[in-house]
Amino acid sequence: MSGAAPERSQPRHVDAISRARAGDLAQLKALLGGAVPDCAPQTVWELPWTWQCYSVVRARGRDGTERIVACGALRELDEELCELRGVYVAPAFRGRGLAAALIEHLLARAAHGVRRVVCVTRKPELFARHGFVAVAWPSWIDHARRTRSGAPRTAMAYLAERGVSAAPATSHRRCA
């Protein structure tokens with residue numbers, strides 16, 4: 017018997033990025049649960065309240081079943097600031113540009129109502145390719161996220177001067 021997965025589980029098609037739906041909660045929990053400790057555990061715990069901030073990439077198997085294989089969120093912190101968080105791609109789907117596509121999609125969403133987008137990451141080189149720059153640890157980052165064991169984390173910001181436009185307060189929306 018070979019170590020290859022059965023053909024029915026092989027992805028046939030990867031869909032475009034779309035907003036998460038209420039029915040996606042279990043799949044989001046499973047996907048992000050596999051990301052801990054790289055992903056902050058509260059990202060998973062908060063999903064019942066934050067799933068609507070997520071965008072997802074779905075893949076359909078040869079048998080027609082659909083599953084979420086990548087995700088990322090844009091979470092409002094205040095009227096001018098959003099955090100890009102929970103960007104994760106299932107291991108079998110890495111190397112296809114899905115994380116980059118999600119980051120670009122989320123930045124496009126942010127362009128419609130916030131001045132700054134920030135993130136905390138262990139992959140600063142990925143975010144730097146999209147215009148993020150390393151910044152001093154901002155006050156909104158809790159102590160646990162700064163000191164958690166494992167690879168060092170980098171606080172990064174994507175500024176209005178680099179493409180995210182400022183919008184009037186009247187266009188402000190939760191989760192952009």
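Residue numbers (the numbering used here): 17 to 192. For glycine and all other residues, C-beta sits at the position ideal for the given N, C-alpha and C. Since we're looking at a predicted model, the values are computed, not measured.
**Asked** What residues match up with alanine 171 in a beta bridge as DSSP calls it?
**Response** What you label residue 171 is simply residue 155 of the sequence shown in a count that begins at 1. Per DSSP, Val136.
**Asked** Cβ atoms of glutamate 82 and arginine 74: under 8 Å apart, would you say?
**Response** Taking the first residue of the sequence shown as position 1, residue 74 is located at position 58. Taking the first residue of the sequence shown as position 1, residue 82 is located at position 66. Closer than 8 Å, so yes.
**Request:** Figure out for me which residue from Gly129, Val149, Phe109, Leu48 has the closest Cα to the Cα of leucine 97.
**Result:** Here residue 97 corresponds to residue number 81 of the sequence shown, with the count starting at 1. Out of Gly129, Val149, Phe109, Leu48, Gly129 has the C-alpha closest to the C-alpha of leucine 97.
**Asked** My guess is that leucine 90 and arginine 125 are in contact by the Cβ rule of under 8 Å, so how many angstroms apart are they, rounded?
**Response** One-based indexing of the sequence shown puts residue 90 at position 74. One-based indexing of the sequence shown puts residue 125 at position 109. Taking 8 Å as the upper bound for CB-CB distance, leucine 90 and arginine 125 are in contact here, some 5 Å apart.
**Prompt:** Given alanine 36, which residues of its chain have a CB within under 6 Å of its CB, disregarding the five upstream and five downstream residues?
**Reply:** As a first step, residue 36 must be located in the sequence shown, where it is residue number 20. Excluding sequence neighbours, alanine 36 sits near Trp67, Tyr70, Val72.
**Asked** Does the beta carbon of alanine 36 fall short of 7 Å from some heavy atom of the ligand HEM?
**Response** This structure does not include the ligand HEM; it has no bound ligands of any sort.
**Message:** Measuring alpha carbon to alpha carbon, tell me which residue in Trp65, Arg78, Gly88, Pro64 is nearest serine 34.
**Reply:** Position 18 of the sequence shown, counted from the first residue, corresponds to residue 34. The shortest Cα separation from serine 34 among Trp65, Arg78, Gly88, Pro64 belongs to Gly88.
**Prompt:** To the nearest angstrom, how far is it from the Cα of threonine 137 to the Cα of leucine 41?
**Reply:** Counting from one through the sequence shown, the residue named residue 137 turns up at place 121. Counting from one through the sequence shown, the residue named residue 41 turns up at place 25. Leucine 41 has its alpha-carbon roughly 23 Å from the corresponding atom of threonine 137.
**Bounding residues of the beta strand (DSSP E) (the contiguous stretch that carries glutamate 120)** = For the purposes of this step, residue 120 is identified with residue 104 of the sequence shown, where counting begins at 1. Per DSSP, glutamate 120 belongs to no beta strand (DSSP E); it is in the alpha helix (DSSP H), 114-126.
**Span separating the alpha-carbon of alanine 144 from that of valine 30** = Taking the first residue of the sequence shown as position 1, residue 144 is located at position 128. Taking the first residue of the sequence shown as position 1, residue 30 is located at position 14. Distance between the alpha carbons of alanine 144 and valine 30: 26 Å.
**Asked** How many whole angstroms separate the CB atoms of valine 134 and alanine 171, which I take to be in contact at a CB cut-off of 8 Å?
**Response** In the sequence shown, the residue the question calls residue 134 occupies position 118. In the sequence shown, the residue the question calls residue 171 occupies position 155. Between valine 134 and alanine 171 the beta-carbon gap is near 7 Å, inside 8 Å, which marks them as a contact.
**Request:** Tell me, to the nearest whole angstrom, how far the beta carbon of leucine 100 is from that of leucine 122; I am working on the premise that it is less than 8 Å.
**Result:** If you number the sequence shown from 1, residue 100 lands on position 84. If you number the sequence shown from 1, residue 122 lands on position 106. Leucine 100 to leucine 122, Cβ: 5 Å. Contact.
**Item:** Where alanine 152 falls: helix, strand or coil (DSSP)
**Value:** On the sequence shown, residue 152 is found 136 positions in, with the first residue counted as 1. Alanine 152 falls in the coil class under three-state DSSP.
**Asked** The alpha helix (DSSP H) spanning glycine 49 covers which residue range?
**Response** As a working mapping, residue 49 is identified with position 33 in the sequence shown. Under the DSSP assignment, glycine 49 falls in the alpha helix (DSSP H) whose first and last residues are 41-49.
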